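Just so you know, the protein sequences line up as chains W and D, in that order. Counting in the numbering used here, the first sequence runs from 1 upward without gaps. Counting in the numbering used here, the second sequence runs from 1001 upward without gaps. Even for Gly, the Cβ is constructed at its ideal location relative to N, Cα and C. For clarity, every value in this text was computed on a predicted model and none was experimentally measured.
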Amino acid sequence: MADLYDVVIVGAGISGSIVAQQAAEAGLRVLVLEAGTDLAWTYRGYQAQLQTFYDALYKTPEAPWAFNPNAPEPDIPTVPTPGAKYFVENGPQLYGSTYARALGGTTLHWMGTCLRMLPEDFDFHTRFGHGRDWPIGYADLAPDYELAEREIGVSANVQDQAHLGVTFRDGYDYPMQRIPPSYSDKQLAASVDGMTVKLGGESRELLVRNTPAGRNSTPRGDYSPIGAVDHGEDLGPPTAGQALARDIGERCQGNTSCVPICPVQAKYNALKTLTKAVDTKRVTLMARSVASRVLVGGRRVTGVEYLRYESPDSDKHSKAVARGRTYVLACHAVENAKLMLMSDLQSPNGLVGANLQDHPTLLAWGLAPKQVGAYRGPLSTSGIEDLRGGAFRSQHAAFRIEIGNDGWIWPTGAPDTTAIEAIGEGLVGHALRERLRDVIGRQIRLGCLIEQPPDPENRVTINRRDVDALGLPRPVISYGVDRYVFDGMAAAASIARQIFAKAGIQDRTDPKKTFAFKSEHDGVTLVWAGAGHFAGTHCMGAEAATSVVDANQRSWQHDNLFLAGPGSMPSMGTSNPTLTVAALAFRTSRDLIDNPEERGGDVG
Amino acid sequence: MYKIPRLAAPEEGRSPLPAGGPAPAAASPATAAPPEEHVGDFYSLSVELTGFDEVDLRETGVGELYLDWLSRTFADVLPELLAAWREVQSGCPPGERGRGLRESILDHPVLGPFARSVLVLWYTATWSPPWWWIPADHPGGGNLSFGAAYPEGLMWRAAVGAHPGAAKPTGFGTWAFRPEGA
Chain W
1 MADLYDVVIV GAGISGSIVA QQAAEAGLRV LVLEAGTDLA WTYRGYQAQL
51 QTFYDALYKT PEAPWAFNPN APEPDIPTVP TPGAKYFVEN GPQLYGSTYA
101 RALGGTTLHW MGTCLRMLPE DFDFHTRFGH GRDWPIGYAD LAPDYELAER
151 EIGVSANVQD QAHLGVTFRD GYDYPMQRIP PSYSDKQLAA SVDGMTVKLG
201 GESRELLVRN TPAGRNSTPR GDYSPIGAVD HGEDLGPPTA GQALARDIGE
251 RCQGNTSCVP ICPVQAKYNA LKTLTKAVDT KRVTLMARSV ASRVLVGGRR
301 VTGVEYLRYE SPDSDKHSKA VARGRTYVLA CHAVENAKLM LMSDLQSPNG
351 LVGANLQDHP TLLAWGLAPK QVGAYRGPLS TSGIEDLRGG AFRSQHAAFR
401 IEIGNDGWIW PTGAPDTTAI EAIGEGLVGH ALRERLRDVI GRQIRLGCLI
451 EQPPDPENRV TINRRDVDAL GLPRPVISYG VDRYVFDGMA AAASIARQIF
501 AKAGIQDRTD PKKTFAFKSE HDGVTLVWAG AGHFAGTHCM GAEAATSVVD
551 ANQRSWQHDN LFLAGPGSMP SMGTSNPTLT VAALAFRTSR DLIDNPEERG
601 GDVG
Chain D
1001 MYKIPRLAAP EEGRSPLPAG GPAPAAASPA TAAPPEEHVG DFYSLSVELT
1051 GFDEVDLRET GVGELYLDWL SRTFADVLPE LLAAWREVQS GCPPGERGRG
1101 LRESILDHPV LGPFARSVLV LWYTATWSPP WWWIPADHPG GGNLSFGAAY
1151 PEGLMWRAAV GAHPGAAKPT GFGTWAFRPE GA
């Protein structure tokens, strides 16, 4: 007879870790199943991933983590990375984003951006006639944003962030002071601050604004920054957790590598929350355990069947069933949908897997008139946020503009390609060195994250004949970008050109020199990429008829089941989703603790 | 062992290498160490190619890694390259070696692309095949990463203020400083 846990959680990313930690703090016994490996759980193991990153030819977000055929993950479709392709791409567009299947989840290679959603994002359909509304508003989520900002350890100043309707409780400020803006940000601000642009017939004034980040900076008040985790023998006894390793990574050191791996773990990852969970002694972690079927009886989940393998090098595995009172699927948008569909648990409204979203990201890159210090500092420290909201959203998509400190790595693979191009031109010796001295430090990149309303045709399905090493179906991705989004992207491209012109930056955006996607739209070639921002495969809503989960991420179909994570988000607006995902996990935790077996009274 | 033709590149569309491709040369560290005289020639050629002086190149600590791999992987071309460079050194006064490098090596249909691949290796710590006709199963026939050397790519040193991502961090807040020449 298997152990009966209070809570069985599938997925050890940020959602699963927060729910595990909160439930365990409340005295519940928790089992966490993780499909991938737990290589990063020890300090030594995490550092080994850094070496894997050095070894990788293409330094993509997945590069530090070796391909695991037993828990495969997607890669960037236009880059020839090693390992089998995981997504079956059904078109019409390729889906350009990735996630991680490993202990710690995709926070192992997230950027760390922690913007709250705008109040108007929650009423998206009502206000602008596109997409869907949320069943809750900004005011409902604001207290959980505070909890999420403390859990992640966000560095920002409230005075920078209160705009476009975003408000903060009196006396509140973020746990740490803002990350200093880069020299490049300050140079751009000198030209951009106060410039006006036209959008949807309105004049808008632009401002370079500091970006809230889940990276350790200078703490405020009693907040103590949390650094690297270690559950091995390297820096202390096996139970030392982060007690010793936390002295590493208490502040960002400027490794210029938030994605794909922060070498000192000054950037938050879910291993930090998981450590707190395990320290309660009420949480059991099982890595290399792939959930293969959710078992149900009537309106109740009765177990999760999983396949346990010993090593990524062999498909040898055994099958078992985990049992609990309450179940939480927290294995990211695509995997949550895949697992439900594999278990024949499509909802009657057909919305499991539907409404897959991303932030299609327009890329623009140029050469600044003087050295700006490219390839130095956190990958981004500032953005232009003024075009995230406004009446124009009834006409086309809104966007935020992320200002990169990482030169042209993302669009072109620079500085390698800069060197190769110069050598290809025939430059050698001092002339070559002088060229690279001149241009590399002047490279600047803007990434315009375009909002994408939910579209039921954009969806995850499965094909049971197309399977991975353990015999589980690969996700089939149907994905398109519509005119509303492309019109927003075209507006972003125009504004990026205006910003470059104002700042004296030579526009070097060139569809022939990029790994990114190219799309023709109204006679213009747009260069864009996925942002790594999945949402919408099990949207929340106020009614069972039109959604998959309620506002606490509880399934409408099964009383003791939660589907947690970005899949619950009916829309993202222009916010990077992780902070909102973390806030929702706190909501879910309260509901789960108060109402373990059935829906409580208040879900609004 | 692959035989790389010395004098001329083959016609477009025709590879001079045997069909099917012989097995890669076995890597045997005990016998693979490059001859001592190659080390000095390799560095002096690399100085002329890269624009960095020998102290900078030696300081990277990865020159011998490159030379060892090149010696084993291109056992017939590397000696040709170094021999051509020795002729340039003996035939040209120091101030004219750049011209000699261009005429004897960079403009050569086989040695030129090979030398440029060596230059890319120094700058990026990755190998890209020098010739369109090199088979993909040749041990030097595909793009390769020299993992441990990654932080030592000269492109990071050439640039102003830059450093390799995930290595040699510059410290909290230093990204706000004015870079040299700004």
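Give me the DSSP bridge partner(s) of Met286 (chain W).
Here the question's residue 286 (chain W) lines up with position 286 in the first sequence. DSSP lists W:Leu33 as partners of Met286 (chain W).
CB of Tyr268 (chain W) within 8 Å of CB of Ile179 (chain W), strictly:
In the first sequence, counting from the first residue as 1, residue 268 (chain W) sits at position 268. In the first sequence, counting from the first residue as 1, residue 179 (chain W) sits at position 179. No, these two residues do not count as a Cβ contact at 8 Å.
Determine whether the Cβ of Asp75 (chain W) lies closer than 8 Å to any Cβ atom of chain D.
Against the first sequence, residue 75 (chain W) aligns to sequence position 75. Not an interface residue.
Just to make sure I have the definition right: I need the residues of chain D whose C-beta is within less than 7 Å of the C-beta of Phe53 (chain W). Which are they?
Against the first sequence, residue 53 (chain W) aligns to sequence position 53. Ordered by position in chain D, the residues that pass the 7 Å Cβ test against Phe53 (chain W) are Ala1166.
Ala564 (chain W) - DSSP class collapsed to helix/strand/coil
The sequence position of residue 564 (chain W) within the first sequence is 564, counting from 1. Of the three classes helix, strand and coil, the one that applies to Ala564 (chain W) here is coil, per DSSP.
Taking the straight line between their C-alpha atoms, what separation do you get for Gln452 (chain W) and Glu520 (chain W)?
Along the first sequence, one-based indexing puts residue 452 (chain W) at 452. Along the first sequence, one-based indexing puts residue 520 (chain W) at 520. Going by the C-alpha atoms only, they are around 18 Å apart.
First and last residue of the beta strand (DSSP E) that includes Thr302 (chain W)?
Within the first sequence, numbered from 1, the residue matching residue 302 (chain W) stands at position 302. In the DSSP annotation of this structure, the continuous segment of the beta strand (DSSP E) that includes Thr302 (chain W) starts and ends at 300-309.
Residues from the region 248-268 of chain W in contact with chain D, defined by Cβ distance under 7 Å:
The region 248-268 of chain W vs chain D, Cβ under 7 Å: Arg251, Cys252, Gln253, Gly254, Asn255, Thr256, Ser257, Ile261, Pro263.
Look at the Cβ atom of Leu640 (chain W), then the Cβ atom of Thr256 (chain W), and state whether they are nearer than 8 Å.
Nothing can be reported for residue 640 (chain W): it is not among the residues displayed for chain W, which extend from 1 to 604.
Residue from W:Ala162, W:Arg300, W:Ile226 with nearest C-alpha to Glu385 (chain W):
Taking the first residue of the first sequence as 1, we reach residue 385 (chain W) at position 385. Taking only the C-alpha atoms, the option nearest Glu385 (chain W) is W:Ala162.
Rank W:Leu199, W:Gly424, W:Ala322 by C-alpha distance to the C-alpha of Glu305 (chain W) and give the top, closest one.
Locating residue 305 (chain W) in the first sequence gives position 305, counting from the first residue. With distances taken between Cα atoms, Glu305 (chain W) lies closest to W:Ala322.
Any contact of the region 534-552 of chain W with the region 493-502 of chain W, i.e. 3+ C-beta pairs under 8 Å?
no
Pop quiz: Arg220 (chain W) and Leu28 (chain W) are said to be a contact at Cβ under 8 Å. What is the actual Cβ separation, rounded to whole angstroms?
The sequence position of residue 220 (chain W) within the first sequence is 220, counting from 1. The sequence position of residue 28 (chain W) within the first sequence is 28, counting from 1. Contact flag wrong, Cβ pair sits at about 32 Å.
Expressed to the nearest angstrom, what Euclidean distance is found between the alpha-carbon atoms of Val278 (chain W) and Ala291 (chain W)?
Residue numbering aside, residue 278 (chain W) sits at position 278 when the first sequence is read from its first letter. Residue numbering aside, residue 291 (chain W) sits at position 291 when the first sequence is read from its first letter. Taking the straight line from one Cα to the other gives about 21 Å.
Residue-chain proximity (Gln371 (chain W), chain D), Cβ-Cβ < 8 Å
If you number the first sequence from 1, residue 371 (chain W) lands on position 371. Yes, because at least one Cβ of chain D sits closer than 8 Å to the Cβ of Gln371 (chain W).
Going by C-alpha to C-alpha distance, which of W:Tyr174, W:Ala213, W:Asp358 sits closest to Tyr223 (chain W)?
Residue mapping note: residue 223 (chain W) aligns to position 223 of the first sequence, counting from 1. Among W:Tyr174, W:Ala213, W:Asp358, the Cα nearest to that of Tyr223 (chain W) belongs to W:Tyr174.
Other residues of its chain near Glu598 (chain W): CB distance less than 6 Å, five sequence neighbours each side excluded
The residue given as residue 598 (chain W) occupies position 598 in the first sequence. Asp559, listed in sequence order.
Using a Cβ cut-off of 9 Å, pull out every chain D residue sitting near Ala419 (chain W), in sequence order please.
On the first sequence, position 419 is the one that residue 419 (chain W) refers to. The contacting residues are Leu1119, Val1120, Tyr1123, Thr1124, Gly1153, Leu1154, Met1155, Ala1158.
What does His430 (chain W) reach in chain D if we use C-beta pairs closer than 7 Å?
Looking up residue 430 (chain W) in the first sequence gives position 430. What His430 (chain W) touches in chain D: Gly1051.
Taking one C-beta from the region 1090-1107 of chain D and one from the region 1125-1142 of chain D each time, how about it: are there three or more such pairs within less than 8 Å?
With a cut-off of 8 Å, the region 1125-1142 of chain D and the region 1090-1107 of chain D do not count as touching, because too few Cβ pairs lie within range.
Along the chain, which unbroken stretches of the beta strand (DSSP E) at least 3 residues long are found entirely within the region 375-459 of chain W?
380-384, 399-404, 443-450
Which chain W residues are close to Tyr1150 (chain D), counting only those with a beta carbon under 7 Å from its beta carbon?
Translated into positions along the second sequence, residue 1150 (chain D) becomes position 150. Around Tyr1150 (chain D), the beta-carbon contacts reaching into chain W at under 7 Å are Tyr54.
Can you list, in chain order, the residues of its chain whose CB lies under 6 Å from that of Ser217 (chain W), leaving out five sequence neighbours each side?
Working through the first sequence from its first residue, we reach residue 217 (chain W) at position 217. Around Ser217 (chain W): Ser155, Met176, Gln177, Ile179.
Contact list for Ala374 (chain W) against chain D, beta-carbon separation under 7 Å
Within the first sequence, the letter at position 374 stands for residue 374 (chain W). Correct list: Ala1162.
Just the Cα atoms here: how many angstroms apart are Pro454 (chain W) and Leu295 (chain W)?
On the first sequence, position 454 is the one that residue 454 (chain W) refers to. On the first sequence, position 295 is the one that residue 295 (chain W) refers to. Their backbone Cα atoms lie some 29 Å apart in a straight line.
Can you tell me the Cα-Cα spacing of Arg1058 (chain D) and Pro1151 (chain D), whole angstroms?
To locate residue 1058 (chain D), count along the second sequence from 1; it is residue 58. To locate residue 1151 (chain D), count along the second sequence from 1; it is residue 151. For Arg1058 (chain D) and Pro1151 (chain D), the distance between alpha carbons rounds to 14 Å.
Does the beta-carbon distance from Val1110 (chain D) to Ile423 (chain W) come in below 8 Å?
As a working note, residue 1110 (chain D) is residue 110 in the second sequence. As a working note, residue 423 (chain W) is residue 423 in the first sequence. Contact flag unset, no.
Taking just the CA atoms, how far does Leu579 (chain W) sit from Thr275 (chain W)?
Start at 1 with the first residue of the first sequence, and residue 275 (chain W) comes out as number 275. Start at 1 with the first residue of the first sequence, and residue 579 (chain W) comes out as number 579. Taking the straight line from one Cα to the other gives about 19 Å.
Quick check on Gly1100 (chain D) - is its C-beta less than 8 Å from some C-beta in chain W?
Here residue 1100 (chain D) corresponds to residue number 100 of the second sequence, with the count starting at 1. It does not: the Cβ of Gly1100 (chain D) has no partner Cβ on chain W nearer than 8 Å.
Tell me which residues share the same chain as Pro1024 (chain D) and place their Cβ nearer than 6 Å to its Cβ, disregarding the 5 neighbours each side in the sequence.
By 1-based counting over the second sequence, the position of residue 1024 (chain D) is 24. Unreliable placement is indicated for Pro1024 (chain D), whose pLDDT of 36 sits below 50; the coordinate value is still reported in the next sentence. Pro1139, listed in sequence order.
is_contact[Arg437 (chain W), chain D] using C-beta, thresh 8 Å
The residue you call residue 437 (chain W) lines up with position 437 of the first sequence. Nearest CB-CB separation between Arg437 (chain W) and chain D: below the 8 Å threshold.
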